[in-house]
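K.L.:
Would you mind keeping the following structure in view while I ask a few things?
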Amino acid sequence: MYPFLLILLFLFPSMSSAQNGTAPCPLDFNALRQLVQSSPQPKLDNNTKCQYILQGLRLVQSEYLRRTGSFLPSLDSAESCWASYQTLVNELVHDFDIRRICGFETSWIAEGCMNITTRAGFESVVPPSKISDVVAACNQSLENSAPCASCTTSMSTLQASYLTGRSVGNLSDCTAYPSIYAAAFANQFGPTDKGTAKCLFSLDFTSSKSNRKQRKIVISVVVVGCGIGLLICCGVFWYLRRKNDQFRKERRIVRTETSLDSGLESISGSTTLIRFTFDDIKEATKNFSRVNIIGRGGYGNVYKGVLADGSEVALKRFKNCSAAGDVSFAHEVEVIASVRHVNLVGLRGYCTATTPFEGHQRIIVCDLMKNGSLHDHLFGSVAKKLSWPIRQQIALGTARGLAYLHYGAQPAIIHRDIKANNILLDDGFEAKVADFGLAKFAPEGVTHLSTRVAGTMGYVAPEYALYGQLTERSDVYSFGVVLLELLSGKKAILAYSDSQPSLVADWAWALVRKGRAIDVIEEGMPELGPPEVMEKYVLIAVLCSHPQLYARPTMDQVVKLLDSDLPLPVIPERPIPIIADIDDIEKSVSSSGSGHFFTSAGYQPYKLQGDGLSTPKEEGESSHGR
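Under mature numbering (1 follows the signal peptide of the UniProt record, and there is no 0), read the sequence shown as residues -18 to -1, 1 to 608, first letter to last.
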């Protein structure tokens, strides 16, 4: 009798919950169990396990939506559902408490986005035309990269334009609803199809053994083929007595391309990318016509292009490319490919080609942002000023994108170059963080990275510029400067009549200290918002751009402050910034003995030392700070 009860508990884990006064769980975790048992189980850290558990729950909810028309189980079944899921997890991992380790609250499994609980509720928020677009893009096998990219691209506008309300917890939040809906109704194969699970829920249930076997076969064929080809080439080369220099150059090209392509193919998350041919790129840009240039930078030019399927894209073409620069190119592709968020620029694919006449070609293909960059609207040729509602939307979207990089991506990513030029705007003025060429992965448990200083003057955090200490809050500082630019219409570094520069953050702080925070807001801004809201945004910007590291909030805290009525923390006093020569500095520090100053050398701390001034570096302090 006892073994029989154990079998019942294993097969029907929700029965015991029902007997304890809670409703049985209506979610079918057996659908996920069958997929998991047919796939390998790699060793993962806790954060990655939690991500897999989160995505697995969303797959189960999609199957539930497909069967019942409801996104969520009832609240009185929440405990039973967690118990059911815990039973499945226990079969795979020992001593892993889902809710305790991952921080999920019991009620979250029954609460979602904007009080949308049913299919009808979702379809009342999203227009039928947009749902038709998703069905047209997603109703096919999503195992391959091109269909998956088309499907996920079509879904990205739903959350950005229609599911903009508040989510409860982080289980069935607004970012997950499009994938849950698309897997249930837009794809004929359903959420339990391996291709659908991989594309829409980032769950790869393919067998690693079969993949390894196929790779071994391919590698063997390639090795044998390359060996035979090498023998033939060497014979011809020897026969021509080493007179064919062009042949040797082409061999080097082949080796370079093979090495780069191997690195790109191994990038995590790059399975949905499209590798474009150089002919595809030339056709899309009309052979890199000058009229199609929409941006220029130190890396090269950005072109507007139209792909063969009619979709418009932006193509970032790196100039002065060489084999030595392939590491940087592969790194940028890796960073963009590893993230997917409505407030990050989406990567379509890439192109690598090397020819005797055109040299090394390295190109990244991204979604086209029709409204250009934030810099264009604040300081460029766009004459019409942005209204307050649009500025508010841009601020919140940028904050959400950065918060995802810091806390949603695995591992976390520090952008390092947040500025107005790198905040792009789509046709609905939704902000998209772009340009990951300087981004750094932040290993878990590391308090800061010590690295060479990179970025743009005026946006670089003081502790990073001075000591090379890079943390997520370095991005927070840059975001604070961009937010002040957005609110005031003034550039990060101001210029006065005497040609002495000043930081916009110091200018704004001076007004805040005098109780004139509202004076930071740009004059002539159309459609002004409530004064208390605009003042709150100014205070948040000043807090984020505080020169002291731990005075700044984290990006997830910034999102909550911008998007809620939470009270703002007290803004600590700032070191007194002065634009001055040495004489002025000496007069200022004579009373206090120390101070911080922005000079032509950057944001520097000074101390009185004897009869003169010294910096901590002159006193022998390390590059890791005080």
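Cβ coordinates follow ideal geometry from the N, Cα and C atoms, glycine included. The structure presented is a predicted model; accordingly, all values stated were derived computationally and were not measured.
Out of curiosity, what's the CA-to-CA distance linking V415 and N12?
P.N.:
V415 and N12: Cα-Cα distance of roughly 39 Å.
K.L.:
With a cut-off of 8 Å on the beta carbons, I'd call T99 and F171 a contact; round off their distance for me.
P.N.:
25 Å between Cβ atoms; not a contact.
K.L.:
Could you give the residue range of the beta strand (DSSP E) that holds F423?
P.N.:
Unbroken beta strand (DSSP E) run through F423: K422 to A424.
K.L.:
Are the C-beta atoms of R299 and some chain C residue less than 8 Å apart?
P.N.:
Judged by its chain identifiers, the structure shown contains no chain C, having just a single protein chain.
K.L.:
Count the other CB atoms within 10 Å of the CB of T88; is the residue buried (16 or more) or exposed (fewer)?
P.N.:
It counts as exposed.
K.L.:
Taking only the alpha-carbon atoms, compute the straight-line gap between L384 and I345 and give it to the nearest angstrom.
P.N.:
Taking the straight line joining both Cα atoms gives about 24 Å.
K.L.:
Please name the residue in V75, G506, C95 and V494 whose C-alpha comes closest to that of E517.
P.N.:
Of the listed residues, the one whose Cα sits closest to E517 is V494.
K.L.:
Please classify Y67: does DSSP put it in a helix, a strand, or coil?
P.N.:
In this structure, Y67 counts as helix in the three-state DSSP scheme.
K.L.:
For L17 and R101, what's the separation of their Cα atoms in angstroms?
P.N.:
Taking the straight line from one Cα to the other gives about 25 Å.
K.L.:
With a 10 Å radius around its C-beta and 16 neighbouring C-beta atoms as the bar for buried, classify S605 as buried or exposed.
P.N.:
For S605, the pLDDT reaches just 30, beneath the cut-off of 50, and the residue's location in the model is therefore unreliable, although a value from the coordinates is still provided. It is exposed - the Cβ of S605 has fewer than 16 other Cβ atoms within 10 Å.
K.L.:
On the premise that A499 lies in contact with V520, defined as a C-beta separation below 8 Å, what is that separation, rounded to the nearest angstrom?
P.N.:
The pair is a contact, with the Cβ atoms about 4 Å apart (cut-off 8 Å).
K.L.:
In chain order, what residues of the same chain have a beta carbon less than 7 Å from the beta carbon of A128, not counting five sequence neighbours either side?
P.N.:
Within the same chain, A128 has close Cβ partners I256.
K.L.:
I need the straight-line Cα distance from T334 to F418, nearest angstrom please.
P.N.:
Whole-angstrom Cα-Cα distance: 18 Å.
K.L.:
In or out: M439 buried (at least 16 other Cβ within 10 Å) or exposed?
P.N.:
Exposed: under 16 other Cβ atoms inside 10 Å.
K.L.:
Please go through the same chain and pick out, in chain order, the residues whose beta-carbon is closer than 8 Å to the beta-carbon of P371, but skip the five residues on each side of it.
P.N.:
These residues qualify, in order along the chain: E509 and G511.
K.L.:
Reducing DSSP to helix, strand and coil, say where H359 ends up.
P.N.:
H359: helix per DSSP, three-state reduction.
K.L.:
What does a CB cutoff of less than 6 Å around L356 pick up in its chain, not counting 5 residues either side in sequence?
P.N.:
Result list for L356: A402 and I405, in chain order.
K.L.:
Below 8 Å between beta carbons: does that hold for residue 610 and L407?
P.N.:
Examination of residue 610 is not possible in this model, given that the chain is present from -18 through 608 alone.
K.L.:
Residue range of the beta strand (DSSP E) that Q343 falls in?
P.N.:
Taken as a continuous stretch (DSSP letters only), the beta strand (DSSP E) holding Q343 covers G341 to D349.
K.L.:
Quick one: measure Cβ to Cβ for T536 and E454, integer angstroms, because I've assumed they're closer than 8 Å.
P.N.:
Indeed they touch by this definition, with Cβ atoms about 7 Å apart.
K.L.:
Do you know offhand how far D480's Cα is from R82's?
P.N.:
Any reading at D480 must be qualified, since the residue scores a pLDDT of 48, below 50, and its modelled position is unreliable; no value is offered.
K.L.:
Going straight from the alpha carbon of K231 to that of G341, what length do you get?
P.N.:
Here the model assigns K231 a pLDDT of 44, short of 50, so the residue's position is not dependable, and the following value carries that caveat. Cα to Cα, K231 sits roughly 11 Å from G341.
K.L.:
With respect to the alpha helix (DSSP H) encompassing G177, which residues constitute its N-terminal and C-terminal limits?
P.N.:
Note, G177: alpha helix (DSSP H), K176 to F183.
K.L.:
Looking at C-beta atoms only, is the number of pairs between the region 114 to 125 and the region 146 to 157 that lie closer than 8 Å three or more?
P.N.:
Output reads no: the region 146 to 157 does not touch the region 114 to 125.
K.L.:
Which same chain residues, not among the five before or five after L289, have their C-beta less than 7 Å away from its C-beta?
P.N.:
Taken in chain order, the residues that qualify are A266 and V295.
K.L.:
Alpha carbon to alpha carbon, what distance is there between T135 and G328?
P.N.:
Going by the C-alpha atoms only, they are around 8 Å apart.
K.L.:
Using the rule of at least 16 other Cβ atoms within 10 Å of the residue's Cβ for burial, across every protein chain shown, is I199 buried or exposed?
P.N.:
Confidence is the limiting factor: at I199 the pLDDT is only 46, short of 50, which leaves the residue's position unreliable, though a coordinate-based value still follows. Looking at its Cβ environment, which holds fewer than 16 other Cβ atoms inside 10 Å, I199 is exposed.
K.L.:
According to DSSP, which residues form a beta bridge with G282?
P.N.:
BP columns for G282 point to G279 and F300.
K.L.:
From this set, S143, V315, A365 and L420, which residue's C-alpha is nearest G506's C-alpha?
P.N.:
Selected option, being the one with the closest Cα: A365.
K.L.:
Thinking A179 and C133 are a contact (beta carbons under 8 Å), I'd like their distance in whole angstroms, please.
P.N.:
At roughly 13 Å, the Cβ-Cβ gap does not stay under 8 Å, so A179 and C133 are not in contact.
K.L.:
Could you tell me which uninterrupted alpha helix (DSSP H) segments, each at least 4 residues in length, are contained entirely in the region 447 to 512, listed from first to last along the chain?
P.N.:
For the region 447 to 512, whole alpha helix (DSSP H) runs of length 4 or above, ordered along the chain, are 454 to 470 and 486 to 495.
K.L.:
Whole angstroms are fine: how far does the CA of E45 sit from the CA of D10?
P.N.:
Rounded to the nearest angstrom, the two C-alpha atoms are 8 Å apart.
K.L.:
Give every residue of the same chain whose Cβ lies closer than 6 Å to the Cβ of R534, excluding the five residues on either side of it in the sequence, and list them in chain order.
P.N.:
The residues are R455, V458, C526 and H528.
K.L.:
What are the start and end residues of the beta strand (DSSP E) that includes R330?
P.N.:
Taken as a continuous stretch (DSSP letters only), the beta strand (DSSP E) holding R330 covers L329 to T337.
K.L.:
When you compare the CB positions of L95 and C32, do they come within less than 8 Å of one another, or not?
P.N.:
Strictly speaking, residue 95 in this sequence is Cys, with Leu absent from that position. Not a contact, by the Cβ cut-off of 8 Å.
K.L.:
What is the rounded straight-line gap between the Cα of L548 and the Cα of K542?
P.N.:
Approximately 7 Å between the Cα atoms of the pair.
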